[in-house]
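Position one of the sequence shown corresponds to residue 1273 (this note's numbering), numbered consecutively onward.
Cβ coordinates follow ideal geometry from the N, Cα and C atoms, glycine included.
Quick caveat, the model's predicted, so the values are computed rather than measured.
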Amino acid sequence: MPAENQPGPLDAHRAALQDPPIEYRPELRWWLAEGLHTDRTLRFEIDAAHRLGFGGMEFLAMDEQAIDHARYGWGSEEWVHDSQLVVEETTARGMSVSFTSGTNWSNANLPTIDPDHPAAARELNYVVEEVRAGAGRSGALRRIDLDAQREESLLPGHRSAPTTQEFFAVVAAPVVEDGDVPVLDADGVLDLTALVADGALDWEPADDREWRLFTFWSHGTGQTASPSASVNYTVNYLERAGVDAVIDYWGSTVLTPELRALIARNPRAQMYMDSLELNTWGDGGLFWGASVAREFRERRGYDITPWLPFLTRRVQLMASATTYRSQPTEAQRGTVEKVRHDYVETLTDLYIENMLRPFAAFLHENGILLRSEISYGLPFELTRPGPEVDGIETESLEFGSQIDAYRLLAGPAHLFGKQYSSETGATTRNHMLDHRFYDQIIATQLAAGITKTVLHGWASTAGAEGATEWPGHEGMWPGFSERFDLRQPASEFYPQWNRAVGRFQYLLRQGRPRIDVGILRTDHFVDNMSGLFFLDQDGARIPDEVAYGRMWMRNRENHWWQDLGMQDAGWSYEFLDGSLLLRDEVVFGEGLVQPDGPGYQALIVYQEALSADVAQHLLGWARQGLRVLIVNGARELKLLMTGEYIVNERAASRTPGLDHRDDELAAILAELRSLPTVAEVDDPAGTVAALRDLGVAGRAEFTAENRDVLGYLREDGDLLHVYLYHFLYETGGDTVVQVALPGLGTPYRVDPWSGAVAEHSGVRTDGVRTFVTVALAPGETALLTVDRSQRPAPSQPVEPEVMTELDGWTIAVESWDAGEDELIVEDRGLGYESREVRPTTAVSVLTAAGSELLPWSELPGVGPEVSGVAEYRTSFTLDAAAAPGQRLLLDLGSTAGGLGSVVVNGGEAVGFDTSRPVVDITDAAREGVNTVVVRVASSLNNRLIARGYYDGIPDMGLFLLGRQEPHVTVVRPHGLLGPVRVVREG
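This is the structure in structure tokens:
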């Protein structure tokens, strides 16, 4: 305990809580209009982002209409010039800067290769023939028609046909059952490759069954990416030649001496590898490379060739929607599933060893960190690549901002001490949604330990002449994502908002995470389209905001660990592939897995497949005291859009691959089950009780079941930083939760909107633990720090007292609409001019006829077509100012989810939580008359409806499902809705 008048451990954080350092503030994805932007525009945008409080910018080239791509595309002189200017200007302001590894966000691609190049992405394709006894086949093997027209992928870029193909193998398989997905006899497959001579095969089956002859050819995928000054082709992520070509191009061309010097001055320079949106063109659907077959044999111990007919697949957009073109008999299914696992495990090995690891080493040599969405989208294991990067990134879009989805990647992030971040805010509802929607995404992410928010995104309002209309250049298309830039009425309040988010992110990065339970989970086909399926049973479109607010986790339905017992008890848990436990960096000590990291008290095994090596490792740790729970019968999501789930009937009943170690695994599990630190349940509903019997207790557990609240805990020496979130923001009611925390300490509540730190009321102890009682409204968050260097004083929760309700409002709405276009012309002496148009916003002030708080759509003198910012003025009278120990709060009731600020008596503008808009006015309020000014912003939704903006924009949520229908939205109830009250606490 610190001596009297000596600084305590919490004092070290007070300055940062008052003014969060820039590295803790939200960052931005910035969609540049290729290299078109003038120097004036680039400086204007970076200065604006910095002024609004953002901490960094991740920039990339997006396809812009009506310009010359050869002049302005990625790789052009204009793009190189602009890139250097972006790095220079962000670095000068202390902001982070992130490159992307190709022309857009989705893959590493280069202008120095073509589809036939050894570094280019390759696939294994096939042609098939039907063969019977008595006829047979002879002559040249059929080849792939590389110029055949096929349906274009929905992923970015297009295909440019390769010119060469390389023969790999020919395999014959007997047909058991014909159909769209034929059943083949896996035991009867014949590898005929050795019989091929000079590209020809003469062969006839020895029996009268129908046979399928599969001839496999390897060729380039031909996938390109745009925009680029020349055609850019995707590199091979499996072969070292792919990353070597990337390294060579960046080292020789992109990273100029001037750029390297700038990077050296920026300690937060990063490379961002976004979604693995790589695709194949042919029927095989198999990612391939020159070494894949050899590596498969060396790593798995057998030849892949006879199994190839069972690996060919169709893919709808992402790997999670994989369906196989051929199936084995039911008796052979288990064996074939093992082979399929071995193939994707080999792909994951090669991706780690031949792409991530050498690329990270190259970047580190050049002062650049690697941040990556490490796996999903391709058939790579989800969490195994985590240790190879500096930052692990997820996103809100593809997973629908679900807590279980964020837990998927939290395991490797916490286990290896990686910064866990998220691309935040992408939706299919462009400009439509209130700010509260995005606040709830951030709140959900924080509950999983995501403490770096990268907003998706920012775009300059200036764009190409002839292609840019109000509200401005879109960047990532008009029907996809959101804009957190100057076109938004809410941008006035971004400085307060960024400081608030920065305070959360600052405090929740301190110390080490404390996660109660680790769940072993292996997945090469995670459903990263689960957040993009918005259809009801009748095929009608469900709006994003309804799905996010009322379905899935908000309907108490988690996708992967579906029993909610641990969540309702306040226990924290996350997922990780079991092989990560085998790494030298991961240790067991003090009864915990990785005691200096997440400190898992127990591990859960529930999937049917478990590596024998991992099982042996668990056995060794269990002999030392590790608590292990085996859970049978757990159900988990496979693919949401088809309603497919997996039921793991018996945990650890087989190994995942064809390693012939099932019996060995069974023997290990038998010994594991015999240990006193191991338990087993046949129903996931028994998880919490079984773990309690093993001695597990949540470090921030609830004293009674609570179905409304999520929590996250950091241990920082004597301090415990506690985050609580009422996640049922559309469907829940007010709740009170009591949290039991280890040790005795004084709890403090941090106000994220002001940085004020005040002792929390509602505290008791039992001599060993500190109990904190917190009341939360739907969507509300709480940030507390318990100082265990100070003995707590018991206290009762404060009962608020309403002092007065405010009325008599004067209301003026600043209505936003299109203004005049500003022409920006730049001549850099290169023999041409660059021309941009910046649409301006015209603001007209509408005075409401009346003083009642109503939605703008119902306010006389305003109306349903208005978007912008409203100002509300009134006053109230206090008989006395707040007494010592009392707080005065201004409770705004509701702002319809709008961001805004409050000024009392002409003081500093203070922001507020969009779910529970309450402002502490203790220091500002005084005896007598007090003036109040409340400002509230809207989205652009209502004005854009009135302008017909959405009429010609496709609904991206339907477009991704193959339906061409326009965006549909409704008039939103913007504004301060109240009731507004002055409340006294204490």
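Taking 9 Å as the cut-off, the Cβ atoms of residue 1967 and residue 1875 do not count as close.
Between the alpha carbons of residue 2090 and residue 2135 lies a distance of about 17 Å. Put simply, the backbone Cα of residue 1829 is about 15 Å away from that of residue 1978.
Runs of the alpha helix (DSSP H) lying entirely within the region 2209–2254, each at least 4 residues long, are 2213–2218 and 2228–2231 in chain order. Short of 6 Å from the beta carbon of residue 1306, and not among the five residues preceding or following it, lie these beta carbons of its own chain, in chain order: 1333, 1336, 1344, 1345 and 1499.
Following the DSSP letters along the chain, one finds residue 1514 inside the alpha helix (DSSP H) bounded by residues 1512–1521. The DSSP-derived three-state label of residue 1453 is coil. Contact between the region 2047–2060 and the region 2006–2024 is present: 3 or more CB-CB pairs across the two stretches fall below 8 Å. Taking one beta carbon from each stretch, the region 1920–1933 and the region 1879–1898 have 3 or more pairs nearer than 8 Å; the two touch.
For the pair residue 1859 and residue 1867, the CB atoms are nearer than the 9 Å cut-off.
Scanning the region 1280–1362 for uninterrupted beta strand (DSSP E) segments of 3 residues or longer gives 1299–1304 and 1328–1333, listed from N- to C-terminal end.
CA-CA distance, residue 1844 to residue 1716, rounds to 13 Å. For residue 1405, the closest of 1378, 1432, 1474 and 1355 by C-alpha to C-alpha distance is 1474.
With a threshold of 16 other beta carbon atoms within 10 Å, residue 2102 falls short and is exposed.
Scanning 1289, 2256, 1282 and 2258 for the CA closest to the CA of residue 1768 turns up 1289. At a Cβ-Cβ threshold of 9 Å, residue 1444 and residue 1455 do not count as neighbours.
Distance from the CA of residue 1998 to the CA of residue 1707, rounded to the nearest whole angstrom, comes to 17 Å.
Per DSSP, reduced to three states, the secondary structure at residue 2090 is strand. Taking a cut-off of 8 Å for Cβ pairs, the region 2082–2096 and the region 2107–2119 touch, as three or more such pairs fall below it. One alpha carbon belongs to residue 1781, the other to residue 2254, and they sit about 34 Å apart. For residue 1801, the three-state secondary structure derived from DSSP is coil. Here the C-alpha atom of residue 2051 lies approximately 7 Å from the C-alpha atom of residue 1712. For residue 2192, the enclosing beta strand (DSSP E) begins and ends at 2190–2192. For residue 2053, same chain residues with a beta-carbon under 6 Å away, outside a window of 5 residues either side, are 1715 and 1997 in chain order. Assignment of residue 1993 by DSSP, reduced to helix, strand and coil, places it in the strand class.
The alpha-carbon of residue 2016 is positioned some 6 Å away from that of residue 2060.
For residue 1684, the enclosing alpha helix (DSSP H) stretches over residues 1675–1687. Comparing C-alpha distances from residue 1579 to each of 2256, 1412 and 1611 shows the shortest one belongs to 1611.
Bounds of the beta strand (DSSP E) holding residue 2047 are 2041–2048. Within a 10 Å sphere around the beta-carbon of residue 1293 sit fewer than 16 other beta-carbons, which makes this residue exposed.
Fewer than three pairs of CB atoms, one per stretch, sit closer than 8 Å, so the region 1508–1521 makes no contact with the region 1467–1486. Excluding sequence positions up to five before and after residue 1762, its CB lies within less than 6 Å of the CB of 1707, 2171 and 2209, all in the same chain and listed in chain order. Remark: three or more beta-carbon pairs, one from each stretch, lie closer than 8 Å, so the region 1542–1560 and the region 1394–1402 are flagged as touching. Residue 1544 is positioned such that its CB atom lies closer than 9 Å to that of residue 1665. By the CB criterion at 9 Å, residue 2108 and residue 1735 fall inside the cutoff.
By the Cβ-count criterion, residue 2203 is exposed, with fewer than 16 other Cβ atoms from all chains shown falling within 10 Å of its own Cβ.
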